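Structure record follows, encoded as structure tokens.
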Amino acid sequence: MTRVVLVDDHQMFRSGVKAELGASVEIVGEAGDVDEAIEVIKTTGPDVVLLDVHLPGGGGVEVLRQVLPSDTKFLALSVSDAAEDVIGVVRGGARGYVTKTISGDELTNAIGRVAEGDAVFSPRLAGFVLDAFAAADVPSIDPELDQLTQREREVLRLIARGYAYKEIAKELFISVKTVETHVSSVLRKLQLSNRHELSRWAAARRLV
Amino acid sequence: MRPWPGTCDHLFVPETPSGESTDLAPPRLERRADRRLVGGVCTGLAEHLGLEVLVVRLAFAVLVSAGVGVVAYVALWLLVPQRKEPQTRRELGQLFAYGALVLGLSLFTWGAGALNWAVWPVVAGGIGVGIIWQQADPERRRWWVRNSQAMWLRSIIGILLVAAGLIAFLAQKVRPGQAGQVLLGSGVVLAGVAVVLAPWLLRFWRDLDTERRERIRSQERAEVAAHVHDSVLHTLTLIQRNSHDPREVQRLARAQERDLRAWLYEPKADAEQHLAAAVRKAAAEVEDHHGLPIEVVCVGDCPLDDRLGAMLQAAREAMVNAAKYADGEPGDQGRTSSLSVYAEVAGDEISIFVRDRGKGFDLDAVPEDRMGLRESIIGRMERNGGKAEIRTAPGEGTEVRLEMRRESK
Chain A
1 MTRVVLVDDH QMFRSGVKAE LGASVEIVGE AGDVDEAIEV IKTTGPDVVL
51 LDVHLPGGGG VEVLRQVLPS DTKFLALSVS DAAEDVIGVV RGGARGYVTK
101 TISGDELTNA IGRVAEGDAV FSPRLAGFVL DAFAAADVPS IDPELDQLTQ
151 REREVLRLIA RGYAYKEIAK ELFISVKTVE THVSSVLRKL QLSNRHELSR
201 WAAARRLV
Chain B
209 MRPWPGTCDH LFVPETPSGE STDLAPPRLE RRADRRLVGG VCTGLAEHLG
259 LEVLVVRLAF AVLVSAGVGV VAYVALWLLV PQRKEPQTRR ELGQLFAYGA
309 LVLGLSLFTW GAGALNWAVW PVVAGGIGVG IIWQQADPER RRWWVRNSQA
359 MWLRSIIGIL LVAAGLIAFL AQKVRPGQAG QVLLGSGVVL AGVAVVLAPW
409 LLRFWRDLDT ERRERIRSQE RAEVAAHVHD SVLHTLTLIQ RNSHDPREVQ
459 RLARAQERDL RAWLYEPKAD AEQHLAAAVR KAAAEVEDHH GLPIEVVCVG
509 DCPLDDRLGA MLQAAREAMV NAAKYADGEP GDQGRTSSLS VYAEVAGDEI
559 SIFVRDRGKG FDLDAVPEDR MGLRESIIGR MERNGGKAEI RTAPGEGTEV
609 RLEMRRESK
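So the sequence lines, in the order shown, correspond to chains A and B.
Letter by letter, the first sequence follows residues 1 to 208 in the numbering used here.
Letter by letter, the second sequence follows residues 209 to 617 in the numbering used here.
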């Protein structure tokens, strides 16, 4: 069973998540701020950390900075859809980003995917990535990293339209595994690209 | 989709900038009003560096005799803010320090030889001004400065007096050939006055800046408080009153969340003018009216025109349809979740997708007279030069795709 650590500074929220996840995962630890989180992650070595973006002591990004590189995967959770929050944690090394209004089943599903090394994109994150990579005529330093392929774009558009991976696979006549590969590749570009929009957000929040 | 209990987050907690001073950091560089001899620079510096005051003072004495120290001291005195604490009474030590300063300056001018009788009054006057300045407490200074009308009047009168005096002096005493020299002399005197006034102006400006920032901050706080009161507190009251009706509670919570989110994160955009804002607004209205959560994602944006207005109407109709028909009867346990709306602007091509995960239907079995689908969506799009496509099957949910080209200018 997937071993999970919950990091959020609201006790009420943590118990809510625990109740929703039920027996589908094993919660091995909880933390309410950055220092606690690092401590708990180091001692328990979980598969997945559910990481709140806004945390006392430097935010989720600080936890990522101190723990990575590691075998533990991170799934970021937030109430905010602000682009700089999304870009911050994803560039910081989180494998996915979901908002806190996600249902319990969807969250269990997302945890499973992150544990297997896949990326989890919410429709909003997909929309944001499309926006950031939109202008095709921007001169790019590294075309391989700075642009999305046609296929990746299609996959992201379907995610933004509310399609599940299975439905995307059916729509594009490809396998679910291929969809996952495309999404992971987008995640990699998001983390490594120096595209102007991405760097600007990162720089504005001193994330680079 | 059921939101978790307690999905509130620290919406109002600003991220603390890292590098905030801790207990271990040295105290800030501030001039001390107490325990000072002249301007409190040495005391403050000693505290900041963790050295003995005496050492710093001796170092400055040496530097002063070398000449550099004067400049350094004056610069520090001007730039380092004074610590906020009650000023203590003038001590004998300070008097002694001023005395030494006067003595040193007069010796210096004596040593320089000529002009010593002429320099004396200037030295005395300068030091007098300095002492008066030092004595005036900040509140009093601020009061003087605040009455800006009076200040303007004073300044104008002062300038007029100076000008009048100069002209009278020049007219009476000066032979034509000496005018240049006299003007130079006056220039020097005025420069001296400017030097005396400079720190005053500098402080004035700094005080004003601090005050303005304080005012802006308190205004913002008041605005936040007002907003929280008008929206959040009211909603919470309504939720308590409607606690027997889960749908109403969810609707209230969603509406409040949307409102707060828009207020916190989204730039103010005019829903009458721009597509993305208009789509969000339409979705919000449908959500409010039908109580079905709608997730809106917009990529790109463009100004609205007539065709896009029609497209928006069609999209809105699609949302209403989905909210009405996608699910079982209202109140059913199996009522699905959510509606996804995706609007994309790619160059002149605009697409809007409205997708639900409801029960779907058989398109061919839709009765001819169902106006919503045929007229309000497909017909409206075609009349305006766009197209609409509906993809659905029983059990598969429904997706309405709308496409339109922007009017070419």
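For every residue, glycine included, the Cβ atom is placed at its ideal position computed from N, Cα and C.
Owing to the predicted nature of the structure, the values given are computational and were not obtained by experimental measurement.
{"query": "Where the beta strand (DSSP E) through C506 of chain B begins and ends", "result": "I502 to V507"}
{"query": "CB contact check: A202 of chain A to chain B, cutoff 8 Å", "result": "Because the pLDDT of A202 of chain A is 49, which lies under 50, any placement of that residue in the model is unreliable, and the question is left without a value."}
{"query": "Within-8 Å CB hit, C506 of chain B to chain A", "result": "yes"}
{"query": "Chain B within 8 Å of A94 of chain A, Cβ atoms only", "result": "no"}
{"query": "Unbroken alpha helix (DSSP H) run spanning E84 of chain A, endpoints", "result": "A83 to G92"}
{"query": "Three-state class that DSSP yields for K595 of chain B in the structure shown", "result": "strand"}
{"query": "Start and end residues, beta strand (DSSP E) containing T606 of chain B", "result": "G605 to R613"}
{"query": "Within-8 Å CB hit, S273 of chain B to chain A", "result": "no"}
{"query": "Separation of E615 of chain B from T600 of chain B, as counted between CA atoms", "result": "30 Å"}
{"query": "Cβ-based contacts, 8 Å cut-off: residues of the stretch 149 to 168 of chain A near chain B", "result": "R157, A160, R161, G162 and Y163"}
{"query": "Cβ-based contacts, 8 Å cut-off: residues of the stretch 107 to 133 of chain A near chain C", "result": "Although the question refers to chain C, the structure presented lacks it and instead comprises the protein chains A and B."}
{"query": "For Q427 of chain B, the residue or residues it bridges with in DSSP", "result": "Note: Q427 of chain B sits in no beta bridge, so no partner."}
{"query": "Candidates A:K189, A:D105, A:G117 and A:A119, of which the one nearest L21 of chain A by Cα", "result": "A:D105"}
{"query": "The stretch 548 to 563 of chain B / the stretch 143 to 163 of chain A touching (three or more Cβ pairs under 8 Å)", "result": "yes"}
{"query": "Stretch pair the stretch 479 to 492 of chain B + the stretch 503 to 519 of chain B: three plus CB contacts closer than 8 Å", "result": "yes"}
{"query": "Min CB distance Y533 of chain B to chain A below 8 Å", "result": "no"}
{"query": "Whole-angstrom C-beta distance between T99 of chain A and S78 of chain A, which should lie under 8 Å", "result": "6 Å"}
{"query": "Delimiting residues of the alpha helix (DSSP H) encompassing F173 of chain A", "result": "Taken as a continuous stretch (DSSP letters only), F173 of chain A belongs to no alpha helix (DSSP H), as it is neither H nor E."}
{"query": "Coarse secondary structure for S226 of chain B, derived from DSSP in three states", "result": "At S226 of chain B the pLDDT is 43, less than 50, meaning the model places this residue with poor confidence and gives no usable figure here."}
{"query": "In DSSP terms, what T600 of chain B is bridged to", "result": "B:T606"}
{"query": "Residues near V261 of chain B by beta carbon distance below 7 Å, same chain, minus five either side", "result": "C250, T251 and A254"}
{"query": "For V5 of chain A: DSSP bridge partner residues", "result": "A:G29 and A:V49"}
{"query": "Residues of its chain near A115 of chain A, where Cβ-Cβ distance is below 7 Å and the 5 sequence neighbours each way are ignored", "result": "T2, D47, V48 and K73"}
{"query": "Outcome for P289 of chain B when other beta-carbon atoms lying within 10 angstroms are tallied against a minimum of 16", "result": "exposed"}
{"query": "Per-residue DSSP class, three states only, for A76 of chain A", "result": "strand"}
{"query": "Stretch-stretch touch, CB-based, cutoff 8 Å, three pairs: the stretch 275 to 288 of chain B with the stretch 390 to 398 of chain B", "result": "no"}
{"query": "For R291 of chain B and L245 of chain B, the rounded distance between their alpha carbons", "result": "15 Å"}
{"query": "For P174 of chain B, the three-state DSSP class (helix, strand or coil)", "result": "Residue 174 of chain B cannot be examined here, being either before or after the span of chain B that is shown, 209 to 617."}
{"query": "Of the residues B:A461, B:L287 and B:V608, the one placed nearest M519 of chain B, counting alpha carbons only", "result": "B:V608"}
{"query": "Sheet register partners of Q458 of chain B (DSSP bridge)", "result": "Partner(s): none; Q458 of chain B has no beta bridge."}
{"query": "Rounded separation between N592 of chain B and K177 of chain A - CA only", "result": "41 Å"}
{"query": "Nearest candidate by alpha-carbon position, reference A461 of chain B, set B:S439, B:I586 and B:E480", "result": "B:S439"}
{"query": "Distance between A522 of chain B and I586 of chain B (C-alpha atoms, nearest Å)", "result": "8 Å"}
{"query": "Residue burial classification, E152 of chain A (beta-carbon count within 10 angstroms, cutoff 16)", "result": "buried"}
{"query": "Status (buried if at least 16 other CB within 10 Å, exposed otherwise) for F173 of chain A", "result": "exposed"}
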